[in-house]
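In the UniProt record's numbering, the protein residues as written are 1 to 546. Ideal Cβ positions, reconstructed from N, Cα and C, are used throughout, including at glycine. As structure tokens, the structure follows; a few thoughts come after it.
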């Protein structure tokens, strides 16, 4: 066994290098070999091919027995999904042969989808992970399938550890931006309920609705030592908020609660206020921004926190307090001596009217069923528009109002045959595009976009990879994933629709080469943390891996 008091770290400098062969990885092998009793190996920031990963794995068989921290995030940029599972398997096998006992495994920011989880499943179910305390799977494009595979592996690890008298007691689990949705959340909730050992649970931005929140709430009751709970940017609704509020009193060690952008709404916030009012003296942060809270629910939250001497952050920005309400919140925090904890309220949306509140309640039912998303909703077409009108102001409504649109666009593109004009037109056509998994049912616009691709884009794009690459480069600059050659150029503002149809439909075409796929995957992976793409990014990654 390694001396636990001694830390020997190897950090490979992330230089965005593509490391393919055993020769390419030679310097890294020397670093690892020279670090006697290595306890931590960080490989982030370069892109490792199958052969390079195999060479590292072989070396770890001999020197990796002391390894405790495998920090392997962001190490497969631009790799095909067929390359990544065997690379992960090689690294994992090295640790298994060496008899390592991991404490931390970080595989974040590797866009490997469900196949990647398969590649690391043997490691996760082995004795190497019986001692695991920290597991990070952020921004991997897991989707529902990946969530289920991960759940199965972790449950197997728990069972097999128990059979030999060991205890698999994971403390930190992170899986943000993965589109786990309800089914993935339910699968992982079974793991959390079984373990009962969580100290931190972080699952932001996963498209989880009330059913998934309900499963997580039940699981959390079995984890009384939880200190950090981050479920931001999912969809609680008032029902989900009430379920979560029911479990909060049993989690008296909570230090951080992040329910920002969860559609908690006023009734949900009042329930949460009641839940934290008594006890919770260790609470340091409460995030409830952008949740459509009115001033009464905001005041209830502040009142409930007035006895929390450790409070360092209260975020209520982006709610509907109104000007007077904002002042009231600030005065209440000052009276409690907690004014330093209150975050900016600069994005307050103003006091909600009665009509708006009624409309919100109607929308909540649709949110619970997953029927609303951020895309532009189709409205009735009120008039026929000309091609020039649509080109000037592209929208779903205007595009569907174009009579003989395919003929018009074919003529327009014949007059302007360059890839640049085609990419620009394609982007305008796709504004407001919705996936069936997001919008609920196929739409006229969705079919119309597909028709445009088949009849107007395909004749040019199918002529050779050069045409496809030229088009893709221009398109990626139009949506802001790469820099445009004209420094004064401003990318399109509305890009979710164009990006979604590109990964969902265009990328499945035979003429969309593996090189195009690699480029698209690499750029989307890199951009998932950029505000403009932070919401759509996980959906795009999941779709690319489907």
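Would DSSP call residue i helix, strand or coil?
| i | result |
| --- | --- |
| residue 9 | strand |
| residue 40 | strand |
| residue 136 | strand |
| residue 385 | strand |
| residue 47 | strand |
| residue 315 | strand |
| residue 18 | strand |
| residue 403 | coil |
| residue 345 | coil |
| residue 307 | coil |
| residue 234 | coil |
| residue 504 | helix |
| residue 538 | helix |
| residue 78 | coil |
| residue 498 | helix |
| residue 109 | coil |
| residue 398 | helix |
| residue 490 | coil |
| residue 370 | Low per-residue confidence applies at residue 370: pLDDT is 44, beneath 50, and the placement is therefore not dependable enough to give any value. |
| residue 434 | coil |
| residue 546 | coil |
| residue 340 | coil |
| residue 481 | coil |
| residue 414 | helix |
| residue 392 | helix |
| residue 530 | coil |
Within 10 angstroms of the Cβ of residue i, are there 16 or more other Cβ atoms? Answer buried if so, exposed if not.
| i | result |
| --- | --- |
| residue 347 | exposed |
| residue 171 | buried |
| residue 197 | buried |
| residue 53 | buried |
| residue 530 | exposed |
| residue 335 | exposed |
| residue 109 | buried |
| residue 366 | Confidence is the limiting factor: at residue 366 the pLDDT is only 48, short of 50, which leaves the residue's position unreliable and the question unanswerable from this model. |
| residue 294 | buried |
| residue 393 | exposed |
| residue 428 | buried |
| residue 225 | exposed |
| residue 181 | buried |
| residue 9 | exposed |
| residue 81 | buried |
| residue 11 | exposed |
| residue 173 | buried |
| residue 30 | exposed |
| residue 419 | buried |
| residue 33 | exposed |
| residue 168 | buried |
| residue 466 | exposed |
| residue 281 | exposed |
| residue 337 | exposed |
| residue 83 | buried |
| residue 137 | buried |
In the DSSP assignment, find the alpha helix (DSSP H) that holds residue i and state where it starts and stops.
| i | result |
| --- | --- |
| residue 419 | 419–430 |
| residue 71 | Looking at the DSSP string, residue 71 is not in any alpha helix (DSSP H); the run it does join, the beta strand (DSSP E), is 69–71. |
| residue 33 | 26–34 |
| residue 515 | 514–527 |
| residue 448 | 444–452 |
| residue 115 | 113–124 |
| residue 326 | 322–335 |
| residue 94 | 84–98 |
| residue 458 | 458–461 |
| residue 474 | 465–478 |
Just curious, the beta strand (DSSP E) that residue i is in, first and last residue?
| i | result |
| --- | --- |
| residue 104 | 104–106 |
| residue 223 | It is not in any beta strand (DSSP E) - residue 223 carries neither H nor E in the DSSP assignment. |
Just checking: is the beta-carbon of residue i within a distance shorter than 7 Å of some beta-carbon in chain D?
| i | result |
| --- | --- |
| residue 8 | In the structure shown, chain D cannot be found, because there is only a single protein chain. |
Practice task
Please list the segments of the beta strand (DSSP E) lying wholly inside the stretch 252–297, counting only runs of 3 or more residues, in order along the chain.
Solution key: 256–258 and 285–287
Problem - Segments of 4+ residues assigned as alpha helix (DSSP H) that fall wholly inside the stretch 157–209 - result: 181–195
Practice task
Could you tell me whether the stretch 138–152 touches the stretch 505–515, using the rule of 3 or more Cβ pairs below 8 Å?
Solution key: no
Exercise for the section: Specify whether the stretch 31–41 and the stretch 58–72 touch according to this definition: at least 3 beta carbon pairs, one from each stretch, less than 8 Å apart. Expected result: yes
Exercise for the section: Examine the Cβ distances between the stretch 412–423 and the stretch 456–466 and report whether three or more of them are shorter than 8 Å. Expected result: yes
Handout entry: Stretch pair the stretch 268–279 + the stretch 320–334: three plus CB contacts closer than 8 Å
Key = no
Exercise for the section: Could you tell me whether the stretch 132–142 touches the stretch 87–98, using the rule of 3 or more Cβ pairs below 8 Å? Expected result: no
Exercise for the section: Kindly confirm or deny that the stretch 197–211 and the stretch 152–164 touch, where touching means at least three C-beta pairs closer than 8 Å. Expected result: no
Exercise for the section: Flag this pair as touching only if the stretch 249–262 and the stretch 188–195 have three or more C-beta atom pairs under 8 Å; answer yes or no. Expected result: no
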